Structures are given as C-alpha cells and as structure tokens.
Amino acid sequence: MSGAKPVHAAQTLFPVVDDCLHVGGIPLTRLAERVGRTPFYAYDRRLVAERVRHVRAHLPAAVELHYSIKANPMPALVQHLAGLVDGLDVASGGELKVALDTGMAPDCISFAGPGKSDAELRQAVAAGVAIHAESEREIRSLARIGEELGIAPQLVLRINPDFELKGSGMRMGGGAKQFGIDAEEAPRMLALAAGLGLDVLGFHIFSGSQSLKAEAIVEAQAQTIALALRLAEAAPGPVRTLNIGGGFGIPYFPGEARLDLAPIGAALEQALPRVKAAAPQAQLSIELGRYLVGEAGVYVARVVDRKVSRGQVFLVTDGGLHHHLAASGNFGQVIRKNYPVAIGNRMSALDTEAVSVVGPLCTPLDLLADRMELPRAEVGDLVVVFQSGAYGLSASPGGFLSHPGAQEVLV
Ligand SMILES: *Cc1c(COP(=O)(O)O)cnc(C)c1O
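Residue numbering for the sequence shown follows this note's numbering, beginning at 3 and increasing consecutively.
In structure tokens, the structure reads:
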C-alpha cells in the first residue's frame, strides 16, 4: 500500500485499492451508490466470521460461544451470527424476537437484564428460552407464569459477583449493582426457587466489559469459576449451565493494542478439569458482543460543507452523534478521544491537513474527529469511522434534532 500510513490497526482490516477503501470486497464509493444515500453503517460479514474463528481457535472446544445481541441487533447481522455461534443472548422482548426469528433453537437463547416485565417473562417462558433471573421478584413471577402456562421455566440465576473485572471500560459486577442477585444472597434464592417448585439450571456471572488486558480477564474468569463452583455446592440440583461472562475489548484509541486471547484460552483449558470434577453436567459458555462485531463495521458519512473558522478547518458531514454517539464522545465524556477516522475515497493521499469532522447538529458535541491529520477533503468525499460495528446506531439518540436515520447494510 502506498501513500499515507494507516491511522489505526482497524484500518488494516479493510483493503485499499486505487485510493479507495473496500468494505465487503466493494469499493466504498460504489457501496455508497448502491446504498443510495449517506450516512450508513456497513458490516463486513467475512470479518465477523473470521473473528468467530479466531475466538474458537483460542478457546477450549468445551466452552460455548454466545453473541450478545445488544452490541448490534441488526437482524441480517444477527442471522449471520446465528449460523456461527452456539447461542444468542438477549436483553429485551424486542431482542428476543430478533433471536427467535433467526431459527436458533430456543434452548440456545438466553434472556438476561434487569426489570424484565411480566409480559417479557411470559414471552420467554412460552418460547422455552433460558431466563436469567436478576431478582427475587423475577423468580416469583416466573413461578406464577410457569404455572399459568403449564410450562416449566428454564431458570438461571444471574449473580452479581463480589469482585469486578479490573480496568474494564464498564463495570457490571461487584459492589452494589442493579444487575443480578448478590452472590451472598444466592443460597436464599436457590431455596426460594426450590420452594416454588422451580428447577435452577445454573448461574450467569458477568463482571465487566471492554477489557484489553488478558491478565485481568484471566483473573476475573478464575474468580468467576471459583464463585460458580461455591454456588454449585449450595445448589439443590446439578448445575447444567455456567455462563462466565466475557468482557473482551477492542482497541478504539491511539496506543491501545489488540487483546491477546492465548493466555485466556490457556487458563480456561487449565480450569476445565476442576469444573468437570465439581459440576460434571455444567455446559460452560462465554458471551461476547463488541469483540465479535465491533471491528467489522464502519460508519460512513458524506462531507456536505468545508469551512474555515479562524484558521481551523471544519468538514461538516451529513452524519454525527445522532447515529454514532460513541464516536462523538458520549455527550461530552471527561476526556474525549478520536475514534479512528479516514477519508474513504482518498486513502493514499499524501496532501494532509488538521481538520475537525463535525455533524449537522446544533451542538459543539457533534464531533466525529477533533483536529485530526487527514488527507485534504472536499464536499462529496466520504468520511469513514472505523470500530463502529458495536454500540453504534442502536446505541445513539436517533431522535435528537430530527435528521434522517442511517441505513445499515451487511456486505
Ligand atoms: C452487554 C453485555 C454483554 C456484552 O458486552 P460486550 O462488551 O459487548 O462484549 C455481555 N453480557 C452481558 C450480561 C451484557 O449485559
């Protein structure tokens, strides 16, 4: 490849031919014509499949791989993943419908998340999917709904561990949390479930998200397995399901390196005999969202204006935080960092300049790149935001300022 060097490792996943980035084997300019309008998200099915293969190559074969739909619920993408992974994890009635529509067997679908409504619990019991109860109320509701429907609920207890995934981008376990049942309350909830005639299949322990440190993940998984096996001792019946979370991160910002899966796989392999001895019927699984899809997606917006304000160049695009909140910095996070950004139809241009890429919203927070060195761009050029396959469109305030939504394509 000649010309400007890649701004980020993510860029190397997508080939460049004749100055133009290719996504799904298609030149970006042609893809933009095919989609018909900008902005759009494009997800590369080959990169998703490669990532699944990469995870499977490093994890023991005995550990199932699940996809967490909330990372990206686009139906075509979920359908693609349904053929690659062992299970789908959903967090709402809406996601449950997307998962069931793929044809994935209900016993390979699990439903976690706080505040499940009775209607959602009823849907889940009727469908026969695993329900990860997060509270005493959910356990009691499940017993009642199971009786009403004459169907035994597939119950798993989501446990709020007494530790957290160190250095993770988002802490989802440890301390006081709205997620799961506190580990120390588990014996009482197991007794409650047994008293209500409910069979508890096992446990789900998720300690955090977006970690780039293999040692931290290894440590959290060791603690998770130790806790799960303590809980198994307290369980009245055999443990058949053990979801030990995930938390694998992807590099977003300069200086971040890809997560090394080798030590994680090796540690899990070592732990397997202990699990087998203490819980011989337990099916181990991990759940990953962004790691499977995050690097496979780009967000593409078109430059609609180019202006200079007191010496600073602004590229104004038709896309922004209403479609891609995370790249803008989440409504003003403390220290905003640039996502990897490129000019997709001028990938090799040597004539660069410092520019700010902004969107059309009336707020200074609508910023896709802050004073970044990019090839000199004109109106009509295509701005590409990498690392956009997870927590993009569905995690953005699409209604803010009433601009059109973004298209999504799987290529
Ligand atoms: C969101 C979520 C995940 C997925 O997290 P990623 O960082 O996208 O891998 C996994 N498990 C649970 C319980 C979640 O809520």
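For every residue, glycine included, the Cβ atom is placed at its ideal position computed from N, Cα and C.
All values reported here derive from a predicted model rather than from experimental measurement.
Span separating the alpha-carbon of residue i from that of residue j
i	j	result
Pro238	Ala188	12 angstroms
Ala224	Arg47	33 angstroms
Asn162	Ser330	31 angstroms
Thr104	Gly296	21 angstroms
Glu289	Ile246	8 angstroms
Ala379	Arg304	10 angstroms
Pro399	Leu323	7 angstroms
Gln389	Arg124	36 angstroms
Lys309	Val318	8 angstroms
Residue i and residue j closer than 8 angstroms at C-beta
i	j	result
Thr31	Asn347	yes
Glu66	Ser287	yes
Ala93	Gly117	no
Ser209	Phe250	no
Val381	Val306	yes
Tyr56	Gly267	The amino acid occupying residue 56 in the given sequence is His; Tyr does not appear at that position. No, Cβ-Cβ distance for His56 and Gly267 is not below 8 angstroms.
Proximity test, residue i beta-carbon vs ligand 1 heavy atom, cut-off 7 angstroms
i	result
Ser287	no
Arg292	yes
Val21	At residue 21 the sequence reads Asp, which differs from the Val that was named. Result no, Cβ not under 7 angstroms from ligand 1.
Ser70	yes
Gly248	yes
Ala73	yes
Asp91	yes
Ala230	no
Ser390	no
Gln474	Here the chain comprises residues numbered 3 to 413, so residue 474 is not present and cannot be evaluated.
Ser137	no
Gln180	no
Phe255	no
Gln212	yes
Phe208	yes
Cβ-Cβ separation, residue j to residue i (assumed contact under 8 angstroms), whole Å
i	j	result
Ala230	Ile207	6 angstroms
Tyr301	Tyr43	5 angstroms
Ala10	Pro377	A small correction: the amino acid at residue 10 is His; Ala does not occupy that position in the sequence shown. Actually they do not touch by this definition, with Cβ atoms about 15 angstroms apart.
Met191	Leu159	6 angstroms
Met76	Leu412	7 angstroms
Val87	Ile111	Contact flag wrong, Cβ pair sits at about 11 angstroms.
DSSP state of residue i mapped onto helix, strand, coil
i	result
Gln225	helix
Gln1	Beyond the ends of the chain as shown, which are 3 and 413, falls residue 1; an answer cannot be given.
Leu61	coil
Ser330	helix
Met76	coil
Ala281	coil
Arg304	strand
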